[in-house]
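Protein chains: 2
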Amino acid sequence: MRKHRTLSLIASLAALAPGRSAPPLTGQLLGFNPETAKVEQDWEARFRAIPDAKRVHDNMLHLAAHPHHVGSDYQRQNAEWLVARYKEWGWDAHIERFDVLFPTPKERVLELVAPSKYVAKLDETPLPEDPYTHEKTTQLPGYNIYSADGDVTAPLVYVNNGMPADYEILERHNISVSGAIVISRYGGGWRGLKPKLAAEHGAVDCIIYSDPADDGYGQDEVLPKGPMRPPDGIQRGSVADTTLYPGDPLTPGVGSVPGAKRLKISEAQTIMKIPVLPIGYGDAKPLLAALSGPVVPAEWRGGLPLTYHFGPGPAKVHLKLVFDWGQKPVLDVIATMKGSEEPDVWIVRGNHYDGWVNGADDPISGQSALLEEARALGELAKQGWRPKRTLIYTAWDGEEPGLIGSTEWAETHAEDLSQKAALYLNSDENGRGFFGAGGSHELEQMVNDVTKEIIDPETKVTVWKRQQASLVVRGGRRAGGTPNQDVLTQNTLPIEAIGSGSDFATFLDHLGIASLSIGYGGEDRGGTYHSAYDTPWFTDHFGDKEEVYGPILAQTAGILVMRFASADVLPYDFTAMARTLKQYDHELKELVKSLQKDAETRKRNLEMNLYPLTDDPRQGLEAPTSLVPPPDMNFSSLDEAIASLEKAAAHFNAARPAMETLSPDQRKALNAELTTVDRKLLGDQGLPRRPWVRNLIYAPGVYAGYGVKTLPGVREALEQGRFPEATEQLGIVDKAINDEAAYIEKIIGTFGISN
Amino acid sequence: MRKHRTLSLIASLAALAPGRSAPPLTGQLLGFNPETAKVEQDWEARFRAIPDAKRVHDNMLHLAAHPHHVGSDYQRQNAEWLVARYKEWGWDAHIERFDVLFPTPKERVLELVAPSKYVAKLDETPLPEDPYTHEKTTQLPGYNIYSADGDVTAPLVYVNNGMPADYEILERHNISVSGAIVISRYGGGWRGLKPKLAAEHGAVDCIIYSDPADDGYGQDEVLPKGPMRPPDGIQRGSVADTTLYPGDPLTPGVGSVPGAKRLKISEAQTIMKIPVLPIGYGDAKPLLAALSGPVVPAEWRGGLPLTYHFGPGPAKVHLKLVFDWGQKPVLDVIATMKGSEEPDVWIVRGNHYDGWVNGADDPISGQSALLEEARALGELAKQGWRPKRTLIYTAWDGEEPGLIGSTEWAETHAEDLSQKAALYLNSDENGRGFFGAGGSHELEQMVNDVTKEIIDPETKVTVWKRQQASLVVRGGRRAGGTPNQDVLTQNTLPIEAIGSGSDFATFLDHLGIASLSIGYGGEDRGGTYHSAYDTPWFTDHFGDKEEVYGPILAQTAGILVMRFASADVLPYDFTAMARTLKQYDHELKELVKSLQKDAETRKRNLEMNLYPLTDDPRQGLEAPTSLVPPPDMNFSSLDEAIASLEKAAAHFNAARPAMETLSPDQRKALNAELTTVDRKLLGDQGLPRRPWVRNLIYAPGVYAGYGVKTLPGVREALEQGRFPEATEQLGIVDKAINDEAAYIEKIIGTFGISN
């Protein structure tokens, strides 16, 4: 029975996909006419044959051979090596340098001083098996960059993930973190929120540890036996508040070029106000074991063999952190291939190349695939191919401390980018498994078109088909999601919204450039994130060691770039944008209702004294505080704005045949207009309290960190109880969407292509 | 703000409940007329004043002073002490003895023999702090009674909870337990299902361990610092398959009296076919650490500081178990207070008194409250009170090995009970917290009436109000349920359905006697269940040390008994039964739909090859097998039967005023008829493959163990894919419900009391 099914599967897969070549196209290519589509497809077929796994692997071995963080000697060597490669492949390439604030630790002391003594190791022991882990002298130690300096001794409080909901629970238990050092586990939200919220609640220091339940032995065997984080493993990472602005904390909004206006360190809003230190669970265990007080709720418990208590105390901790607050060079590698017809329309493609230590996975798994993609395009150019539009391929430095390389470059070239950039396409880590994409929704159709042509190396169906299967069976790339049956009847799979956390942030959030972030993953587990154990040895033992997904990422991103570079008309499809905005609109309406309902339920429960009746009196809990409900909100103008956009999107699609009749010059003018279409979605004032973040559709959440909030002005105002602001922001976003719709209609009118 | 709310709470509570006395009654008492209600209320008020916490505590200290399992010397002493107490309080009392199969271990060996060596301790180290734990010579060691003998060495496989869903996951991973020893953690279902299912899948042995995530350090500090299970702690317990029949495995259906027909041990269906041994997590850790093979899914992971793998092997285990298969006496204590007017209507009240070791909590927390209730009724009798009907108060022996004392007694007196028993009221463990009740739904109204008159000692509102609050805020007694807002607009809180797991089983499942099981709990945590650490020292340090809930249970159960003993007409309300059956009917309809939908989804996923597309090919998973959908089923005859019952219930309620006009003799005859009403809900043939279980409404689930399945014939046939049987069973239950309705209508007709 089983065997039979397996055989029939192979047979049906074979029918679907003879060999590894893509299935024949059935429809027209978006943005092309039948003739140009034919030419494009021929070039794409040639392109697809080029990327080579062995070369991707060799790129990885080279780039991750030594620690290569910002300012390190090997990062400089990598930059030069990258420039040489690009040149070898026929690209123009150079290094663009920014000097930025890059603090490094001078002193790190963490010790338990009561009720017993323990001095934290704060060190990642090299593995005998992994030669890369022995390069101690050039490794950056475990720290959170942009932590404050400090030297404090105080009682310890455990705050779980240290997110807003966790503080509500602390409050119910009458536990204050004021004057305390909090210890939080990684997870549940962006790391920088942990110290930020701790400081807002009066804590004087924040320790962040990696719990073994999350990426240690709770998930799989730890290194060197398995891929998970050993007790020593430390997750480095930035705690700069990139929800305000990313990049050099001293140069918000402008490039860190010589002569740029720089803030004093004390003026930089994004630098953390309290000291923060990341530690491994080996060091965390004695600290947590020394806590007393009530036992934490079930969701707060981790994988250490002890009972998790809140504290405060009797554990008392001494934490001393002293940093060298010097500047370091950030070396972006910029490679260009000039467009033959519309050189002033830019397609920007990026992946960072700085790692916290060796960074074989983060970011080199993505960067080495991107390089192979660039080589393939170089090959193609040697065979006679020319992009109509200008390609800008980048290797960003300084992503890890806070998206610095991409931000400083984008801020430096903001005027050009605002005029010229039609697409920013990002990648970062890459691995075995499922395709995933997030970004601006006018790109959704194109992403679907392309992924329907890429063959998954493991299952031999298209990566689109495999992505669809993952949504249906397990709700997404990572196991444990809610199965989504709807996608079975849809021809397009949704792309996710994105906020921050990789180099697309400035392009999307600040400049309003149509952006995408793509990659493969979801199969191999690992616990080496931002540690000294993320090395080529690890990849060769626990990762995509044959690099089968490197060429696949190169194919996917490369074809997206080629389509954008060569389409007769830039291949945006605004219907997906309108459809997605409708969904966000619906979510906001539901949010108002659910906030009203929650407030009503809380009010009733308080009035009926239900909390004292259900809480164990021995535990002395406080009842939760009352909630302020939002007033009813009128979303009709948002509904109407989205309806206008929907109409404009339909008009635009209907006008496609007419676009074919335009003269080359008219089409060039049309594309120039189209390039800037998304700038209409920027707010002049930015979002409240963070003027740098101007995108009114997608933004990193103030309490989500990397995570996105869509229609953020309205949504966050509602979530955070600022109801007049929600109404005001609703007006702003209505106008932006109307402007976008009007701009599209104007283009159609200008070129006389209405149907 | 907070302070203010606390003050206003106190004020409003004071308004509700001046002092500790009950609020005045607003309505009439069910089954009483205004005059008899007044008399009843006066006696109840006197009764409520009697139960005394100190006496409950003294009962506990006496009964749990030494190990007192079946056949032990101290259990004999307890039996005699109980008889003496009852006599002292004015009751008739005697011991009723049954000689039953009660195997005890002669040899227990568990050792890891490869890849390393470890000999399991299998012993619970005494605590220096707890003198009770030192009585090693009289303690029963850790074992699962009715395990098979055996001596096997085989590879080990970890099966999580060892439930059906777990075997589906093993199957997907291509892991067979055939010829293996399985290790399962406690939880997820009744312990006896673990070896039963293991044996069905070909395993040769079963080890069951207590994972620290479930009742060890994952929940709170372990003994002696906190209340949770220490590494040595072993959960004893029966693995006799009581879903077939409880009681002495050798005498199904009849009392184990001298001369009773006894099966050979080899013929007894309820004795486990393979050896089973319970162990602590101290002994489990080296075994689990020695397992290899794939990593288990997230839900399978426990709290040990290691990576949980499936196996099989390389861990190889030697398990040897040899039992003494002798008989032991089971000593039920039976106390009676004869009814003054209807002595042949019986109100039976029970709680077991045998423990696995000292059993201070299980069962003595309940038994010592029951004793105080019996003393109070004795006091009341001395003051002139007389129950109209006969009270039978029992202390069951042999509950732990398989509800033996209650089952053998009920089987011995089956004929009398079938004719005379109007109520069986059970309790078992008791503790601080919320009231909980389960049982026959014609008792729901009475339970609500009574709990609206009992004042909660911790919050000073009625226990009904507190139970309601717990349902609204946290979905029930245990934290983590789904809040149920509906109960805010209802005057009655639902009682749960019950299946097995305590002494009500034979009364309810086999004899069809209206049954209830009640108790308080949900606040104090403990990890001493069925271990040598369940002692008076534990209660005095971590339990309800002031025994504030002992008198409350005595009040609650005592008043339920008094109402049933003295009502003019037995206080059943069939409307709740009809309402509840409607809900079960709805559940069955939904079950058919969801089984159809699941099968359809699975079929589609298999046809589309979605599993191979989503599973990591490196893991070599098998696709899940296809599911057979149930055909559409016609529930109209069940709908109609329930509608008839609903009508009859309404007629019965409408006839209440007319019942008052009956002569005493007529009322006596009416009550005699009413007493047997629920026997209509028994099936002559019992449930398929288990003729002993005759209740067609409530039964322990074959794959639920203690847990209930309602309308079990239909529901289990559907769940287990026997669809013709489901249809057949539907006919049987339709008829029973129609018979019940007709019987109620007949009573109304017979006594000419229709409205």
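Protein chains in written order, with my numbering: chain U, 1 to 755; chain C, 756 to 1510. Yeah, the Cβ is synthetic: ideal placement off N, Cα and C, and Gly gets one too.
Counting contacts by CB-CB distance shorter than 9 angstroms, is residue i in contact with chain C?
i	result
U:Asp361	no
U:Lys775	Since the displayed chain U opens at 1 and closes at 755, residue 775 of chain U lies outside it and no answer follows.
U:Asp248	no
U:Gln219	yes
U:Ser757	Only positions 1 to 755 of chain U appear in this structure, which leaves residue 757 of chain U out of reach.
U:Arg185	no
U:His541	no
U:Pro305	yes
U:Gly527	no
U:Arg172	no
U:Gly202	no
When you compare the CB of residue i with every CB in chain U, is at least one pair closer than 9 angstroms?
i	result
C:Thr908	no
C:Ala968	yes
C:Met983	yes
C:Ser1225	yes
C:Met918	no
C:Glu1523	Any answer about residue 1523 of chain C is impossible in this case: the structure gives chain C only from 756 up to 1510.
C:Ala769	In this prediction, C:Ala769 scores a pLDDT of 36, lower than 50, which makes its location untrustworthy; no coordinate-derived value is stated.
C:Thr997	no
C:Arg1056	yes
C:Asn1360	yes
C:Lys1490	no
What residue range does the alpha helix (DSSP H) around residue i cover?
i	result
C:Thr1206	1199–1206
C:Gln1374	From DSSP, C:Gln1374 is part of no alpha helix (DSSP H); its letter is neither H nor E.
C:Trp1219	1218–1229
U:Ile334	Segment 327–337 is the beta strand (DSSP E) holding U:Ile334; no alpha helix (DSSP H) there.
Could you give the first and the last residue of the continuous beta strand (DSSP E) run that contains residue i?
i	result
U:Gln75	Note, U:Gln75: premise wrong, no beta strand (DSSP E); alpha helix (DSSP H) at 73–88.
U:Met764	Here chain U comprises residues numbered 1 to 755, so residue 764 of chain U is not present and cannot be evaluated.
U:Ile747	Element bounds for U:Ile747: not the beta strand (DSSP E) but the alpha helix (DSSP H), 723–750.
C:Asn1106	1097–1107
U:His318	316–324
For residue i, collect the residues of the same chain with a Cβ closer than 6 angstroms to its Cβ; drop the 5 residues on either side in sequence, then sort them by chain order.
i	result
C:His732	No statement about residue 732 of chain C is possible, as the shown extent of chain C runs from 756 to 1510 and does not include it.
U:Trp537	Asp130, Tyr132
Could you check whether residue j and residue i sit closer than 9 angstroms to each other, using their CB atoms as the reference points?
i	j	result
C:Leu1125	C:Ser1195	no
C:Val1316	C:Leu1146	yes
C:Leu867	C:Val1050	no
C:Val1031	C:Ala909	no
C:Leu1005	C:Glu851	no
U:Glu496	U:Gly438	yes
C:Gln1200	C:Leu785	yes
C:Arg1529	C:Asp1171	This structure leaves residue 1529 of chain C out entirely; chain C is present only between 756 and 1510.
U:Leu681	U:Gly405	no
Any heavy atom of the ligand FMN inside 8 angstroms of the beta-carbon of residue i?
i	result
C:Thr1206	Within the structure as shown, the ligand FMN is missing, as the structure has no ligands at all.
Considering only residues of the same chain and omitting the five flanking positions on each side of residue i, which have a CB-CB separation below 7 angstroms?
i	result
C:Asp921	Val914, Asn915
Using a Cβ-Cβ cut-off of 9 angstroms, state whether residue i counts as contacting chain D.
i	result
C:Gln1138	Protein chains U and C are contained in the structure displayed, whereas chain D is not.
> Which residues, in chain order, does the stretch 1365–1379 of chain C contribute to contact with chain U at a C-beta distance below 8 angstroms?
Replying inline: Leu1365, Tyr1366, Pro1367, Leu1368, Thr1369, Asp1371, Pro1372, Arg1373, Glu1377, Ala1378
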